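Notes to accompany the following structure.
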Amino acid sequence: MDLEKLMDETQQWVLRNMDVLSMPDNTIEVATFQIDSFGDTIYCFVEEKDGYYRVSDDGRMLFKLDPGQTNQELYETAAEIAVNSGYYFDEDVCEIYAEVEEDDVANAVMRLAQLQLAISYLG
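Residue 1 is where the sequence shown starts when you use UniProt numbering, and the numbers rise one by one after that.
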């Protein structure tokens, strides 16, 4: 198989297996091709701010793992993993996020999807 054909097939696969939807308030919802430990699609949210983009999980991963927020160790571990992966962790809403330039949005989305996938196996 030649490299150009592989690149084309890979790009087409990604296009077929991801969905990007516009939402209110300058937010874009990305349904990634990553599947979490529950068998569900992993979502990322991109919000345009003043001069940067906020890429987040909207607090959904940890809510899915522990909706009652009863497992403090789970939250501490997830926060440590997120921060060590170059993301921020908002303890008030249990949201994992990054603030990036426009050129880094796609990379931040893909890395956040992988991060959510890893965290989903903590539960």
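Glycine residues also receive a C-beta, built at the ideal position from the N, C-alpha and C atoms. Here the structure is a predicted model, which is why all the values come from computation and not from measurement.
- Item | Residue range of the unbroken alpha helix (DSSP H) whose run includes T27 | Where T27 is concerned, there is no enclosing alpha helix (DSSP H), although the beta strand (DSSP E) it sits in stretches over 27 to 35.
- Query: What separation, rounded to the nearest whole angstrom, lies between the Cα atoms of K64 and N17?
  - Reply: 23 Å
- Query: If we ignore side chains and look at the alpha-carbon of each, how far apart do D36 and Q114 end up?
  - Reply: 9 Å
- Task: Put T41 into one of helix, strand or coil per three-state DSSP.
- Result: strand
- Assuming C44 and L112 make a contact with CB atoms under 8 Å, what is their CB distance in whole Å? 5 Å
- Item | Runs of alpha helix (DSSP H) wholly within the stretch 91 to 120 (minimum 4 residues, chain order) | 105 to 120
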